[in-house]
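There are 4 protein chains.
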Amino acid sequence: MIKVDTSSFIPIYEQIKKEFKKEIFRGDLKPNDLLPSIRDLATELLINPNTVARAYRELEMEGFIYTRKGKGCYVSDDSTRLMKEERKSILIQTFDEVIEEAKKYGLGREEIKRLFEERLNTPPEIIGKGE
Amino acid sequence: MIKVDTSSFIPIYEQIKKEFKKEIFRGDLKPNDLLPSIRDLATELLINPNTVARAYRELEMEGFIYTRKGKGCYVSDDSTRLMKEERKSILIQTFDEVIEEAKKYGLGREEIKRLFEERLNTPPEIIGKGE
Amino acid sequence: MIKVDTSSFIPIYEQIKKEFKKEIFRGDLKPNDLLPSIRDLATELLINPNTVARAYRELEMEGFIYTRKGKGCYVSDDSTRLMKEERKSILIQTFDEVIEEAKKYGLGREEIKRLFEERLNTPPEIIGKGE
Amino acid sequence: MIKVDTSSFIPIYEQIKKEFKKEIFRGDLKPNDLLPSIRDLATELLINPNTVARAYRELEMEGFIYTRKGKGCYVSDDSTRLMKEERKSILIQTFDEVIEEAKKYGLGREEIKRLFEERLNTPPEIIGKGE
DNA sequence: GTGGTCTAGACCACC
DNA sequence: GTGGTCTAGACCACA
């Protein structure tokens, strides 16, 4: 399910964190759900277990998950509350960024709106790899 | 004019490249226009001249600018053609990414459209610093 | 194996790039072979690691190698295709240059041919250091 | 007559020196012939007069030319003698280099001979720009 | 251990 | 003054 882009400038551990936050945000991961094991996820993503471990460690520090030694990592009860705080501001920020980006490329408001709706109605066969 | 975010994951030289590409795309920089000198831009951005030099070198390798030793770096005639090739695909990629992002956060198509238009009509007081 | 001439006008990073291209061209380096580490090669050549890094970076930008962070740089699968495109044109260019050079020094076609064959049959005790 | 390649790694003043040496070597410039003025040559080559001046200065230091203040630069009587010393060794070195180059690209002796003769019999419409 | 980015500062070719 | 190369050495992400 989770994907990482090793050619991106964004560190892999950041990409992993973001993916889990999204799963929590949309309810695919609920409080006390078990996350995949560090080793399994590392194997699946073809990356080093240390990298996954770092993502999990930081998610724990931010309160989204908790660890039971020898058992695994679980979504925290707090995650629901944290989600509500973060979600809208993250999306707003993302949208503002992309709008600003489009303006810098010289598009007017109407052009931005038209292109956005065009893309919204386009099946996402290929997703740009981003950076 | 140009700004860089030293706390971003995106390398500074990459941010500089992108800024100049946007200026070329918008027509603020036209073929044979002189770019700011490496030293001047480095001073202005409070970064090392080598970092600016790398951005310029890569822009040259990609065909957007050319260099006259002892004189400076200039926008290439080819930049106009390269711009047309790159611009739309970059914007489409950016839009697809943000739409995908919103979907992962659990928004439906109508919610995405509504939020996007809301942000498009909001004066951008605070621009997210991005990554 | 690789040598660089620090007194040459050709930048060291360019000499390194050329050496690796030749090794790829000859088949001494095959797709997915590991290149020497940046630090090792720098130590061996008595130059700065940054200089090797620049050579590797440009080889990557040209598609000859790919990089796995934390693991090393590897010859790309594409290198074989790129080689076929570049090799003949490089050699033709080199030969044309030397023929032109000899003509400028006043040699006729027969003299050039005679001298070239003489050198071709001479064991290369001393190789000129070039520029 | 003289050409320089501003994109080459070889300094322009070196290219200019080499060109004049060749003209002397093949007798197009004879002892006491007047060289083009620094300003004229600079204008013709679209470069800075300082660059031409440096080439002339070094040619004088090497004994190929001499300067009459206010009159210009002239080919020295010594140039003929110096030419005989330099010419053959330069050509041999150049040929040895190109043969070595071809070998490094994996060509056998017969292949080198065949390609060289092919190029020798090809009208040099396009001369590679070299480095 | 690997490579990647960045800094500080040197020296050179060219204008 | 301009850009280009190189060095020495720091810090980071990743294995």
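Chains as they are written, first to last, in this note's numbering: chain A, 21 to 151; chain B, 21 to 151; chain C, 21 to 151; chain D, 21 to 151. C-beta atoms are modelled at their ideal positions from N, C-alpha and C, and glycine is treated no differently. Since this is a predicted model, take the numbers as computed values, not measurements.
Cβ-Cβ distance between ILE119 of chain C and LEU140 of chain D below 8 angstroms: Numbered from its first residue, the third sequence carries residue 119 of chain C at position 99. Numbered from its first residue, the fourth sequence carries residue 140 of chain D at position 120. Result yes, Cβ atoms of ILE119 of chain C and LEU140 of chain D sit closer than 8 angstroms.
Rounded C-alpha distance that separates ARG77 of chain B from ALA122 of chain D: The residue labelled residue 77 of chain B in the question sits at position 57 within the second sequence. The residue labelled residue 122 of chain D in the question sits at position 102 within the fourth sequence. Their Cα atoms are separated by approximately 30 angstroms.
Anticipated Cβ contact below 8 angstroms, ILE58 of chain D with GLU39 of chain D, distance rounded: Sequence index remark: in the fourth sequence, residue 58 of chain D carries index 38 (1-based). Sequence index remark: in the fourth sequence, residue 39 of chain D carries index 19 (1-based). About 15 angstroms; that fails the 8 angstroms criterion.
THR100 of chain B at chain A interface by Cβ criterion, 8 angstroms: For the purposes of this step, residue 100 of chain B is taken as the residue at position 80 of the second sequence. So, not an interface residue.
Within chain D, partners of TYR76 of chain C - CB distance below 8 angstroms: Numbered from 1 along the third sequence, position 56 holds the residue referred to as residue 76 of chain C. By Cβ distance, chain D contributes nothing, its closest Cβ being about 19 angstroms from TYR76 of chain C, past 8 angstroms.
Spatial distance of TYR94 of chain A from ALA75 of chain A (CA atoms): The residue you call residue 94 of chain A lines up with position 74 of the first sequence. The residue you call residue 75 of chain A lines up with position 55 of the first sequence. Cα-Cα distance, rounded: 13 angstroms.
Cβ pair SER99 of chain A, ILE36 of chain A closer than 8 angstroms: In the first sequence, counting from the first residue as 1, residue 99 of chain A sits at position 79. In the first sequence, counting from the first residue as 1, residue 36 of chain A sits at position 16. Cβ distance not < 8 angstroms, so SER99 of chain A and ILE36 of chain A don't count as in contact.
Exposed unless 16 or more other CB atoms sit within 10 angstroms - verdict on SER27 of chain A: By one-based count along the first sequence, residue 27 of chain A stands at place 7. Under this definition SER27 of chain A is an exposed residue.
Chain-ordered chain C contacts of PHE84 of chain D [CB-CB under 9 angstroms]: By 1-based counting over the fourth sequence, the position of residue 84 of chain D is 64. Neighbours of PHE84 of chain D on chain C: none; closest Cβ ~14 angstroms, over 9 angstroms.
Three-state secondary structure (DSSP) of ILE147 of chain B: Walking along the second sequence from the start, residue 147 of chain B turns up at place 127. Here the model assigns ILE147 of chain B a pLDDT of 48, short of 50, so the residue's position is not dependable, and the following value carries that caveat. ILE147 of chain B sits in coil when the DSSP states are folded into three classes, being neither helix nor strand.
Residues, ordered as in the chain, of the segment 107 to 124 of chain A that lie near chain B by beta-carbon distance below 7 angstroms: Those would be ARG107, LEU111, ILE112, GLN113, THR114, PHE115, ASP116, GLU117, VAL118, ILE119, GLU120, GLU121, ALA122, LYS124, in chain order.
Beta-carbon neighbours of PRO51 of chain D, restricted to chain C and to distances below 7 angstroms: As a first step, residue 51 of chain D must be located in the fourth sequence, where it is residue number 31. Going along chain C, no residue has its Cβ under 7 angstroms from PRO51 of chain D, so there is no contact; the nearest lies around 16 angstroms.
In DSSP terms, what THR87 of chain D is bridged to: Taking the first residue of the fourth sequence as 1, we reach residue 87 of chain D at position 67. Answer is D:CYS93.
Distance, VAL24 of chain B Cα to ILE30 of chain B Cα: Sequence index remark: in the second sequence, residue 30 of chain B carries index 10 (1-based). Sequence index remark: in the second sequence, residue 24 of chain B carries index 4 (1-based). Going from the Cα of ILE30 of chain B to the Cα of VAL24 of chain B covers about 10 angstroms.
Where LEU153 of chain C falls: helix, strand or coil (DSSP): Absent from the model: residue 153 of chain C. The displayed extent of chain C is 21 to 151, so no value can be given.
Nearest-angstrom Cα separation, counted from LEU135 of chain A out to ILE147 of chain A: Taking the first sequence and counting its residues from 1, the one referred to as residue 147 of chain A is at position 127. Taking the first sequence and counting its residues from 1, the one referred to as residue 135 of chain A is at position 115. The predicted model places ILE147 of chain A with a pLDDT of 47, which falls under 50 and marks its position as unreliable; any figure quoted below should be read in that light. ILE147 of chain A and LEU135 of chain A: Cα-Cα distance of roughly 16 angstroms.
Near-chain B residues of the segment 128 to 140 of chain A (beta-carbon distance less than 8 angstroms), N- to C-terminal order: ARG129, ILE132, LYS133, LEU135, PHE136, GLU137, ARG139, LEU140
Rounded separation between TYR162 of chain A and ASP97 of chain A - CA only: Shown here, chain A extends from 21 to 151; a query on residue 162 of chain A therefore has no answer.
Proximity test, Cβ basis, 8 angstroms: ARG59 of chain D and chain C: For the purposes of this step, residue 59 of chain D is taken as the residue at position 39 of the fourth sequence. Chain C, which has no Cβ nearer than 8 angstroms to the Cβ of ARG59 of chain D, makes this no.
Minimum Cβ-Cβ distance from ILE36 of chain A to chain B less than 8 angstroms: Locating residue 36 of chain A in the first sequence gives position 16, where the first residue counts as 1. No, no contact with chain B.
Beta carbon proximity, GLY47 of chain D to chain C, threshold 8 angstroms: The sequence position of residue 47 of chain D within the fourth sequence is 27, counting from 1. At least one chain C Cβ lies under 8 angstroms of GLY47 of chain D.
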